[in-house]
Amino acid sequence: MRIDLAVLEHYLRDEVQREVSKFCRGRWVALEARPIQGKRVFYRYFDGRPLRIDEPADVKKMINRFGEKGVRTIYGTLNIYGRISSREDLEKIENVLKTTPSIDVDGSLEEIDLIIESVRTVLNELHRHGADRSVYLVWSGRGVHLHLNEKAINERYWKHNPVRVAHSIVHYILTEAKEELLKVVARSRSREKKLKIENIVDMQRVFTSPLSIHRELDIVTVTINPDEVENFDIGWTRLGDFRYWRDWDQYVEGELDHLVEKALENVKTDSITRMILGNNVGGGPAGGGSLKRLSAPGEGSIGRFQVMALMQAARYYLLRGDLERAKSFGLNRAIFYAWAKKRGLTSRRALAVPSSIRGEKMDKEEVIGDEVVYKSSRGWYMIGGQEQTPRDFDEQVVKRFGGRERFEKYWEAALRYIQRFPLDVVESQKEFYEKIYLPVRDDIGKIFLER
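Just add 1313 to wherever you are in the sequence shown, counting from 1, and you've got this note's numbering.
Structure, rendered in structure tokens:
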């Protein structure tokens, strides 16, 4: 693959190398190249060691090393590590020194006004809690990443589980601003992508570095001064002629301490739960609401097939974060387990798809957790020679839950329920079936009570 000269020229700029290294220092770095046959391609290691950028010159080294592979985008973890020398370093929670509290506002270029209004709503809530000078924004391509500078938080708060601290801050702020944010979300009408505001702080999360190039669009992920967000123009992101906020890394020591105290006081759970406002999974109007036990009408039409599809879709979404493919995966697994049951196969061991039901149209294998599934050339999961599409999921699953609005409540509850379990249980085919699915298989309403 030939080096893209525009990409090369961008990353050779001194200011780009400076800003990228400022953000990535202490973070595990990921590089994304142009997709191959529709599949996203990442590089996170070199010679078996995790990628890292400690100084401006490291950016140039990486581009020289990976440029011919079509690399475009540079990411850094939310976590800041004490040591990044081996894979094992990245698995130790005690090696995480700090985690950047971050909110993802994602939408469509058709609705930049709603994206900006959502960001302003969050900024107003942060201002109410005393957070003014330790906040920066990064244009993500089709939205905004809102970051709080982790250095504005006293070291004593980072001593116990930094990931939970950052997650609690974001969860608390989104909860406090939820009513106003949902009003904005409800006005999203884009067919391309509806507005979504999300807390996606977790152990492995990466965010686009300031002044990176977007993975698809020929634009720069510029930093934006919160005081100027209402003046933002997409022209600021033009590759080769971009405008950015140079003081994005400013902070006031201790400014976020009060916010941390309020968050830890109000967010009691130790689990890392994904909070999502908008982008309704059932395909209806965006929105959200409180979780509570649903009334009985309509539950009679929900069978084990639909429960499995729901739980597997939620499992996939928490592991991979792709809503449309989550629907495809959920339906695929439900079909597979229905097939296995008819043949009397036990759930006490990991199940594999025999060649007789894979279908001749199988294009490629993919590993999800510890199980292998099959994927078509269009990117949907398939079994028996047939693709399982998001539309199929809506027809066979969403409708059986009583429609979009009702299904959305089950979806949110399923995400919360599954997040209670350790990651290794969620990833394991056998453990997921026995410890997560079986307890609610015949009474899906339990997911509203398991909190």
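We put the beta carbon where it would ideally sit given N, CA and C, even for glycine.
In chain order, each beta strand (DSSP E) run of at least 3 residues that lies wholly inside the region 1407 to 1489: With a minimum length of 3 residues, the continuous beta strand (DSSP E) runs that stay inside the region 1407 to 1489 are 1409 to 1412, 1415 to 1419, 1448 to 1452 and 1456 to 1461.
Unbroken beta strand (DSSP E) run spanning A1499, endpoints: Where A1499 is concerned, there is no enclosing beta strand (DSSP E), given that its DSSP letter is neither H nor E.
Straight-line Cα distance separating R1455 from Q1701: 28 Å
Pairwise C-alpha distance: L1427 and L1459: Going by the C-alpha atoms only, they are around 15 Å apart.
Of the listed residues P1539, R1385, R1617 and K1464, nearest to Y1356 (C-alpha basis): R1385
Range of the contiguous alpha helix (DSSP H) that encloses F1720: R1717 to I1731
Counterpart residues of Q1350 in DSSP-defined beta bridges: None; Q1350 has no bridge partner.
Three-state secondary structure (DSSP) of F1745: helix
Cross-strand partners of Q1699 (DSSP beta bridge): I1696
Touching by the beta-carbon criterion (3+ pairs, under 8 Å), the region 1389 to 1396 and the region 1514 to 1529: yes
Among Y1723, Q1742, L1736 and D1417, the one whose alpha carbon lies nearest that of I1757: Y1723
Exposure of V1497, with buried meaning 16 or more beta-carbon neighbours within 10 Å: The residue is buried, with at least 16 neighbouring Cβ atoms inside 10 Å.
Proximity to K1759 [Cα-Cα], best of A1727, A1627, E1744 and G1643: A1727
Between the CA atoms of V1372 and E1269 - distance to the nearest angstrom: Any answer about residue 1269 is impossible in this case: the structure gives the chain only from 1314 up to 1764.
Contact set for M1516: own chain, Cβ-Cβ below 6 Å, skip 5 residues either direction: V1476
Burial state of N1645 (16 or more Cβ within 10 Å): buried
Three CB pairs or more closer than 8 Å across the region 1464 to 1481 and the region 1419 to 1434: no
Selection from E1423, A1639 and Y1564 that minimises the alpha carbon distance to K1506: E1423
CB of Y1564 within 8 Å of CB of N1462, strictly: Y1564 is a Cβ neighbour of N1462, given a cutoff of 8 Å.
Option nearest I1416 by Cα separation, candidates R1396, K1491 and Y1324: K1491
H1480, buried or exposed, once every other Cβ within 10 Å from all chains shown has been counted against 16: That one is buried.
Validate contact between the region 1339 to 1356 and the region 1481 to 1489 using beta carbons, cut 8 Å, 3 pairs: Taking one beta carbon from each stretch, the region 1339 to 1356 and the region 1481 to 1489 have fewer than 3 pairs nearer than 8 Å; the two do not touch.
G1643 classed as buried or exposed, judged by whether at least 16 other C-beta atoms fall within 10 angstroms: buried
Exposed unless 16 or more other CB atoms sit within 10 angstroms - verdict on L1590: buried
Limits of the alpha helix (DSSP H) - the one that K1677 falls within: Premise fails: K1677 lies in the beta strand (DSSP E), K1677 to I1681, not in any alpha helix (DSSP H).
Through-space distance from Y1629 to Q1619, alpha-carbon basis: 15 Å
Opening and closing residue of the beta strand (DSSP E) in which F1520 lies: V1519 to T1521
Bridge partner(s) assigned by DSSP for L1590: I1510
Bridge partners - N1392, DSSP secondary structure assignment: T1412
Beta-carbon contacts of R1662 that lie in its chain and below 6 Å, excluding the five residues immediately before and after: Low local confidence applies: a pLDDT of 41 at R1662 is under 50, so the model's placement there is unreliable, with the coordinate-based value given in what follows. Around R1662: no qualifying Cβ.
Touching by the beta-carbon criterion (3+ pairs, under 8 Å), the region 1393 to 1411 and the region 1535 to 1553: no
Exposed unless 16 or more other CB atoms sit within 10 angstroms - verdict on L1751: exposed
Backbone CA spacing between P1610 and R1638 [nearest angstrom]: In this prediction, P1610 has a pLDDT of 30, which is less than 50 and means its spatial position is unreliable; nothing more can be read from the coordinates.
Separation of G1548 from A1319, as counted between CA atoms: Distance between the alpha carbons of A1319 and G1548 is about 17 Å.
Beta-carbon spacing of A1647, L1569 below 8 Å: no
Extent of the continuous beta strand (DSSP E) to which I1688 belongs: Note that residue 1688 is Lys in the sequence shown, not Ile. Looking at the DSSP string, the run of the beta strand (DSSP E) that includes K1688 is E1684 to K1688.
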